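Enquirer:
Number of protein chains: 2
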Amino acid sequence: MRHRLKDVAERAGVSVKTVSNVVNGYVHVRPDTRARVEEAIAELNYRPNLSARNLRKGRTGVIALAVPELDIPYFAELARHVVTAAAALGWTVLIDQTGGVREQERVVASGITDHLIDGLIFSPLALTADDLTNLDGTPMVLLGERVDHGPADHVVIDNVAAAREITTHLVGLGRRRIAAIGSQRTPEGASARLRLDGYRSALEEAGLGYDETLVAPAPAWHRADGAAAMRALLTSGVRPDAVFCFNDTLALGALRALHEAGLRVPDDVAVAGFDGIEDGRFSVPTLTTIAPDKERIARLAVELLANRIDGDRTAPARELSAPYRLEPRESTKGR
Amino acid sequence: MRHRLKDVAERAGVSVKTVSNVVNGYVHVRPDTRARVEEAIAELNYRPNLSARNLRKGRTGVIALAVPELDIPYFAELARHVVTAAAALGWTVLIDQTGGVREQERVVASGITDHLIDGLIFSPLALTADDLTNLDGTPMVLLGERVDHGPADHVVIDNVAAAREITTHLVGLGRRRIAAIGSQRTPEGASARLRLDGYRSALEEAGLGYDETLVAPAPAWHRADGAAAMRALLTSGVRPDAVFCFNDTLALGALRALHEAGLRVPDDVAVAGFDGIEDGRFSVPTLTTIAPDKERIARLAVELLANRIDGDRTAPARELSAPYRLEPRESTKGR
Chain S
2 MRHRLKDVAE RAGVSVKTVS NVVNGYVHVR PDTRARVEEA IAELNYRPNL SARNLRKGRT
62 GVIALAVPEL DIPYFAELAR HVVTAAAALG WTVLIDQTGG VREQERVVAS GITDHLIDGL
122 IFSPLALTAD DLTNLDGTPM VLLGERVDHG PADHVVIDNV AAAREITTHL VGLGRRRIAA
182 IGSQRTPEGA SARLRLDGYR SALEEAGLGY DETLVAPAPA WHRADGAAAM RALLTSGVRP
242 DAVFCFNDTL ALGALRALHE AGLRVPDDVA VAGFDGIEDG RFSVPTLTTI APDKERIARL
302 AVELLANRID GDRTAPAREL SAPYRLEPRE STKGR
Chain A
2 MRHRLKDVAE RAGVSVKTVS NVVNGYVHVR PDTRARVEEA IAELNYRPNL SARNLRKGRT
62 GVIALAVPEL DIPYFAELAR HVVTAAAALG WTVLIDQTGG VREQERVVAS GITDHLIDGL
122 IFSPLALTAD DLTNLDGTPM VLLGERVDHG PADHVVIDNV AAAREITTHL VGLGRRRIAA
182 IGSQRTPEGA SARLRLDGYR SALEEAGLGY DETLVAPAPA WHRADGAAAM RALLTSGVRP
242 DAVFCFNDTL ALGALRALHE AGLRVPDDVA VAGFDGIEDG RFSVPTLTTI APDKERIARL
302 AVELLANRID GDRTAPAREL SAPYRLEPRE STKGR
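Keeping their order, the protein sequence lines are chains S and A.
Each residue of the first sequence is one higher than the last, beginning at 2 in my numbering.
Each residue of the second sequence is one higher than the last, beginning at 2 in my numbering.
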């Protein structure tokens with residue numbers, strides 16, 4: 002006899018909804034309730050019937066999330082939210098790490114996994130709109146600023162306005178020689194260009210003008226790149242009193258370089274990042290940042306994808322915007 | 002006309018091997034070479050023929066990596082190495098985040114994705130050996146200490162010896178009240194139990210004895226848990242002069258709590274972690290840690306899986322051990 006969700010619920014003495022929450026891996030179930038449900042599942046040898054439901058609909062029950070690098074914590078945190086949002090709709094998420102390499106991204110976009118997945122949430126770095134012209138029809142939602150007038154649904158945040166806001170925060174603290182770390186000249190640098198635009202516009206608004214010698218490039222956005230760029234700024238003689246790093250890992254590297262140079266943060270140099278990653282709540286000092294609402298980005302992306310999979314695949318592409326928040330912490334405000 | 006790898010190589014003026022490296026997303030190709038190859042690929046509208054090769058062999062060309070949490074940096078870094086090692090054998094890796102929830106892990110292990118993937122590399126937290134008795138035959142390699150006499154190939158590190166070594170390092174610095182953070186009583190806590198064993202055996206070897214009041218539990222191993230456990234130790238009056246945290250994120254949280262309490266690291270309290278994550282090279286102070294050779298773990302796992310997929314699926318399960326290294330940094334040695 003094959004047991005059903007109802008049988009598990011009865012045996013565990015909980016609602017069917019609770020069993021469903023456990024089976025779908027939701028984290029908000031109380032540990033003792035979860036234990037009781039898992040015990041009932043084991044005793045009845047219950048197996049969730051997701052695959053039957055999916056077979057009826059001609060689906061695999063799996064969507065893919067393609068991101069450049071999981072060891073950029075922003076993408077790891079985003080992935081967790083996408084897994085949670087997708088589980089609420091009964092999907093398993095498999096994550097593809099592209100390395101931000103255009104050819105690998107083309108392979109993903111052109112559907113190497115087309116028979117495996119029901120849809121794709123894709124955060125590309127290097128891809129161009131041209132790469133997306135020969136899609137095989139797998140529903141896709143894009144995240145981030147690249148390919149922003151492409152043929153697919155899109156979830157964005159306003160990078161220019163966010164960068165302007167955090168730069169204005171530094172101006173408001175009385176800083177006058179505000180450096181930037183993270184500029185890029187490659188086609189991969191869409192976020193970098195937009196954040197640089199916001200930085201520049203805030204400086205001009207404040208009557209500070211734009212000084213190219215205060216802008217340090219970073220080939221990648223890891224801690225080591227941030228530390229190297231900060232050291233380069235310090236030895237170049239431009240004497241910044243603040244620095245806006247285009248992501249939090251760059252900023253954590255910059256904090257380290259300032260510490261090694263014997264400079265105090267924020268007294269000598271204020272430091273701000275971008276991404277709102279967990280690390281910045283625990284660094285010494287804690288890190289001021291722009292925190293995009295990752296939970297909302299994930300939920301919007303999953304909902305757009307679900308609409309595309311279940312609904313009209315030929316409707317015009319939609320672009321949805323997610324909010325962000327400036328979070329001032331010790332690295333600019335002090336203790 | 003369908004172009005081949007050779008045509009791309011000729012047009013770009015590079016070897017076939019180089020084109021293959023670009024197509025497989027290897028990172029060590031020089032940027033200008035990569036650009037030339039990508040240009041040739043675009044001009045010829047070349048599409049890699051991986052899927053034809055895989056169809057011939059009855060394969061999808063995809064393996065899955067299932068890990069508990071991508072926002073524990075250890076798993077994100079491990080994932081990057083698995084992606085690289087698998088790419089060398091022509092596989093795409095899709096990553097499944099289980100949340101360490103037993104039911105979700107059972108779904109993965111029992112092959113919800115069996116028609117999607119050629120094999121599975123699996124780092125379980127909550128799974129028991131019983132959960133692995135009804136495998137559907139998808140080749141699988143296990144990582145980590147749990148289910149250690151199960152029916153599958155396994156890659157491990159010697160957690161007991163590693164924990165003993167880092168505790169002995171603290172003893173060697175003259176510390177006498179060495180606390181531990183990260184103990185767990187749940188079935189999920191296999192790594193915790195082994196690291197606690199190593200800690201305890203090093204203390205006894207040093208004639209220091211084991212003091213339960215110096216051992217702080219942590220329900221999860223995130224920064225917030227490490228900070229909370231450190232605060233609890235400081236307010237309990239046990240006055241540790243060193244602390245061994247069972248992973249690096251716990252240790253980064255502990256560093257933060259010590260900073261907030263106005264204590265100096267390592268002068269007042271030396272701090273050591275476990276995992277060798279990138280964050281610990283840039284924290285203030287930098288973090289002493291046990292660094293498992295993640296690149297080797299990934300390569301061994303991919304090779305074991307490849308042997309299982311291509312070779313004898315009924316051969317006895319093998320267990321391979323990967324090395325680790327003690328990396329002393331400022332949090333124990335000072336500057």
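No residue lacks a Cβ here, since even glycine has one placed at the ideal position from N, Cα and C.
Keep in mind it's a predicted model, so treat the numbers as computed, not measured.
What does the alpha-carbon distance come out to for the pair S/Val-244 and S/Tyr-200?
Expert: The straight-line gap from Cα to Cα measures roughly 11 Å.
Enquirer: Closest by CA to A/Ala-191, which one among A/Leu-253, A/Leu-256, A/Ser-124, A/Leu-171?
Expert: The option with the nearest alpha carbon to A/Ala-191 is A/Ser-124.
Enquirer: Going by DSSP in three states, S/Asp-198 sits in which element: helix, strand or coil?
Expert: It is helical.
Enquirer: Using alpha carbons as the reference points, say which of S/Ile-310, S/Arg-176, S/Ala-302, S/Ala-229 lies closest to S/Ile-369.
Expert: With chain S covering only 2 through 336, there is no way to say anything about residue 369 of chain S.
Enquirer: What runs of the beta strand (DSSP E), each 3 residues or longer, lie entirely inside the region 154-188 of chain S?
Expert: For the region 154-188 of chain S, whole beta strand (DSSP E) runs of length 3 or above, ordered along the chain, are 154-157, 179-184.
Enquirer: Tell me the DSSP bridge mates of A/Asp-97?
Expert: For A/Asp-97, which the question treats as bridged, DSSP gives the partners A/Ala-67.
Enquirer: Does the distance from the C-beta atom of S/Glu-261 to that of S/Ala-292 stay below 7 Å?
Expert: No, these two residues do not count as a Cβ contact at 7 Å.
Enquirer: Could you give the DSSP three-state label for S/Thr-290: helix, strand or coil?
Expert: In this structure, S/Thr-290 counts as strand in the three-state DSSP scheme.
Enquirer: Under a CB-based cut-off of 7 Å, is A/Gln-98 close to chain S?
Expert: It does: the Cβ of A/Gln-98 has a partner Cβ on chain S nearer than 7 Å.
Enquirer: Suppose contacts are defined by Cβ-Cβ distances below 7 Å. Is A/Ala-13 in contact with A/Val-38 by that definition?
Expert: Contact flag set, yes.
Enquirer: Hey, how far is the Cα of S/Asp-119 from the Cα of S/Asp-268?
Expert: About 52 Å.
Enquirer: Which residues in chain S have a C-beta closer than 9 Å to the C-beta of A/Arg-5? List them in chain order.
Expert: Near A/Arg-5 there are no residues of chain S at all, since even the closest Cβ is about 16 Å away, more than 9 Å.
Enquirer: Please list, in chain order, the residues of the region 159-173 of chain A that have any C-beta partner in chain S closer than 7 Å.
Expert: The residues in question: there are none.
Enquirer: With respect to the beta strand (DSSP E) encompassing S/Leu-264, which residues constitute its N-terminal and C-terminal limits?
Expert: Here S/Leu-264 belongs to no beta strand (DSSP E), and DSSP marks it neither H nor E.
Enquirer: Compute the beta-carbon to beta-carbon distance between A/Leu-234 and A/Ala-271, rounded to the nearest angstrom, for a pair I have assumed lies under 8 Å.
Expert: Going by Cβ atoms, the distance from A/Leu-234 to A/Ala-271 rounds to 14 Å, so no, they are not a contact pair.
Enquirer: I'd like to know whether the C-beta of S/His-260 is nearer than 7 Å to at least one C-beta of chain A.
Expert: Yes, S/His-260 lies at the interface with chain A (some Cβ there is under 7 Å from its Cβ).
Enquirer: Applying a beta-carbon distance threshold of less than 7 Å, which residues of chain B neighbour A/Asp-280?
Expert: No chain B is present in this structure, whose protein chains are S and A.
Enquirer: Does S/Ser-322 come out as helix, strand or coil in the three-state DSSP assignment?
Expert: Three-state DSSP puts S/Ser-322 in a strand.
Enquirer: Going by alpha carbons, who is nearest to A/Ile-298 out of A/Asn-308, A/Phe-283, A/Ser-322, A/Asp-276?
Expert: The shortest Cα separation from A/Ile-298 among A/Asn-308, A/Phe-283, A/Ser-322, A/Asp-276 belongs to A/Ser-322.
Enquirer: Does any CB atom of chain A fall closer than 7 Å to the CB of S/Gly-120?
Expert: S/Gly-120 does not count as touching chain A.
Enquirer: Using the rule of at least 16 other Cβ atoms within 10 Å of the residue's Cβ for burial, across every protein chain shown, is A/Ser-16 buried or exposed?
Expert: So A/Ser-16 ends up on the exposed side.
Enquirer: Using only CA atoms, which one of A/Ser-237, A/Trp-222, A/Leu-264, A/Gly-263 lies nearest to A/Gly-100?
Expert: Closest by alpha carbon: A/Trp-222.
Enquirer: So that I know if they touch, is there some Cβ in chain S lying closer than 7 Å to that of A/Ala-363?
Expert: This structure cannot speak to residue 363 of chain A, because chain A is shown only from 2 to 336.
Enquirer: Under 8 Å by Cβ, that's how I've got A/Ser-332 and A/Ala-273 pegged, so tell me the actual separation to the nearest angstrom.
Expert: Going by Cβ atoms, the distance from A/Ser-332 to A/Ala-273 rounds to 7 Å, so yes, they are a contact pair.
Enquirer: Report all residues from its chain with a CB closer than 7 Å to the CB of A/Ser-21; omit the five preceding and five following residues, and keep chain order.
Expert: Excluding residues within five positions, the ones whose Cβ falls inside 7 Å are Leu-6.
Enquirer: Report yes or no: is there a C-beta of chain A within less than 7 Å of the C-beta of S/Arg-257?
Expert: Taking Cβ atoms only, chain A reaches closer than 7 Å to S/Arg-257, which makes this a yes.
Enquirer: State the DSSP-derived secondary structure class of A/Ser-305, mapped to helix, strand or coil.
Expert: The amino acid at residue 305 of chain A is misidentified as Ser; the sequence shows Leu. A/Leu-305 falls in the helix class under three-state DSSP.
Enquirer: Where does A/Glu-328 fall in DSSP's three states?
Expert: Looking at A/Glu-328 - three-state DSSP - the assignment turns out to be strand.
Enquirer: Helix, strand or coil, according to DSSP, for A/Ile-42 in the structure here?
Expert: Three-state DSSP puts A/Ile-42 in a helix.
Enquirer: Drop a sphere of 10 angstroms on the beta-carbon of S/Thr-287, count the other beta-carbons inside from all chains shown, and report buried for 16 or more, exposed for fewer.
Expert: By the 10 Å Cβ count, S/Thr-287 comes out buried.
Enquirer: Check whether chain A comes within 7 Å of S/Val-68, counting only Cβ atoms and requiring the distance to be less than that.
Expert: It does not; no Cβ of chain A falls within 7 Å.
Enquirer: Excluding the five sequence neighbours on either side, which residues of its own chain have a C-beta within less than 7 Å of the C-beta of S/Glu-296, listed in chain order?
Expert: Closer than 7 Å at the Cβ level, and outside the excluded window around S/Glu-296, lie His-82.
Enquirer: When the Cα atoms are used, what is the spatial distance from A/Pro-218 to A/Gly-263?
Expert: Looking at the two C-alpha atoms, the distance is approximately 23 Å.
Enquirer: On the criterion of 16 or more Cβ atoms from any shown chain inside 10 Å, does S/Gly-238 qualify as buried, or is it exposed?
Expert: So S/Gly-238 counts as exposed.
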